[in-house]
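Novice: What follows is a single structure, and I will ask about it in a moment.
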């Protein structure tokens with residue numbers, strides 16, 4: 561087991577199975593099936609993301625460097641949360657962008673009974689270490705355990 565420390569963007573504690581992208585996540589392309597076509601498992605629809613394409617994201621610890629793409633990114637994350645199709649948590653190796661942060665914070669503040677902890681600035685070592693299927697535990701204070 562290895563422990564990493566990052567910055568809390570949206571609080572919470574959770575344990576979940578990791579799904580990892582070494583590329584930026586295009587939020588709109590990735591969650592489009594979940595939001596428009598009723599895919600409750602939030603299967604990644606972004607064909608350009610070789611790490612995540614066709615993998616289930618709902619309920620998983622989504623480990624990634626950053627988000628990329630459309631200015632709708634924050635709204636997409638908020639909508640995924642409001643529909644119960646969000647990742648268990650989002651863990652960024654880099655500092656989070658303002659759009660993704662907005663979606664995570666709005667979901668945390670506005671939605672009752674929805675938890676999606678978000679931690680950023682975990683570092684390159686985090687993304688190099690974590691692999692699909694590993695167990696991720698997010699603890700208070702931005703502590704992330706990978707086993």
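Numbering (our numbering), first residue to last: 561 to 707. Note that beta-carbon positions come from the ideal geometry of N, C-alpha and C, so glycine has one too.
Is any heavy atom in the ligand SAH found nearer than 8 Å to the beta carbon of residue 620?
Specialist: For the ligand SAH, the structure offers nothing, since it holds no ligand at all.
Novice: If distances are taken between C-alpha atoms only, which option among 618, 680 and 688 comes closest to residue 660?
Specialist: Within the chain shown, the letter at position 100 stands for residue 660. The candidate whose alpha carbon is nearest that of residue 660 is 680.
Novice: Let me check understanding here. Comparing Cα to Cα, which of 563, 570, 567 and 577 lies closest to residue 691?
Specialist: To locate residue 691, count along the chain shown from 1; it is residue 131. Here the closest residue by C-alpha is 577.
Novice: Residue 662 lies in the alpha helix (DSSP H); which residues open and close that run?
Specialist: Position 102 of the chain shown, counted from the start, is the residue given in the question as residue 662. 658-670 is the span of the alpha helix (DSSP H), which, as asked, contains residue 662.
Novice: Could you tell me the distance, in whole angstroms, from the CA atom of residue 643 to the CA atom of residue 614?
Specialist: Locating residue 643 in the chain shown gives position 83, counting from the first residue. Locating residue 614 in the chain shown gives position 54, counting from the first residue. In a straight line, the C-alpha of residue 643 is about 19 Å away from that of residue 614.
Novice: Could you name the residues of the same chain whose beta carbon sits closer than 8 Å to that of residue 685, not counting the 5 residues immediately before and after it, in chain order?
Specialist: Numbered from 1 along the chain shown, position 125 holds the residue referred to as residue 685. Excluding sequence neighbours, residue 685 sits near 564.
Novice: Who are the near neighbours of residue 592 in its chain, counting only those whose CB is closer than 7 Å to its CB and skipping five residues on each side?
Specialist: Position 32 of the chain shown holds residue 592. Taken in chain order, the residues that qualify are 605.
Novice: Would you mind giving the Cβ-Cβ distance between residue 570 and residue 668, rounded to the nearest angstrom? I have them listed as a contact below 8 Å.
Specialist: One-based indexing of the chain shown puts residue 570 at position 10. One-based indexing of the chain shown puts residue 668 at position 108. Contact flag correct, Cβ pair sits at about 4 Å.
Novice: Quick one: Cα of residue 635 to Cα of residue 665, how far?
Specialist: What you label residue 635 is simply residue 75 of the chain shown in a count that begins at 1. What you label residue 665 is simply residue 105 of the chain shown in a count that begins at 1. For residue 635 and residue 665, the distance between alpha carbons rounds to 11 Å.
Novice: Using the C-alpha atoms, what's the distance from residue 587 back to residue 632?
Specialist: Here residue 632 refers to the residue found at position 72 when the chain shown is read from its first residue. Here residue 587 refers to the residue found at position 27 when the chain shown is read from its first residue. Their backbone Cα atoms lie some 8 Å apart in a straight line.
Novice: Check each candidate in 599, 600 and 580 and name the one with the smallest Cα separation from residue 609.
Specialist: As a working mapping, residue 609 is identified with position 49 in the chain shown. Checked all of 599, 600 and 580; the closest Cα to residue 609 is 580.
Novice: Please give the ranges of any beta strand (DSSP E) in the region 598-643, keeping only runs that are unbroken, at least 3 residues long and fully inside the region.
Specialist: Counting whole runs of 3 or more residues, the region 598-643 contains the beta strand (DSSP E) stretches 621-624.
Novice: Would the beta-carbon of residue 653 fall within 9 Å of that of residue 625?
Specialist: Locating residue 653 in the chain shown gives position 93, where the first residue counts as 1. Locating residue 625 in the chain shown gives position 65, where the first residue counts as 1. Yes, these two residues count as a Cβ contact at 9 Å.
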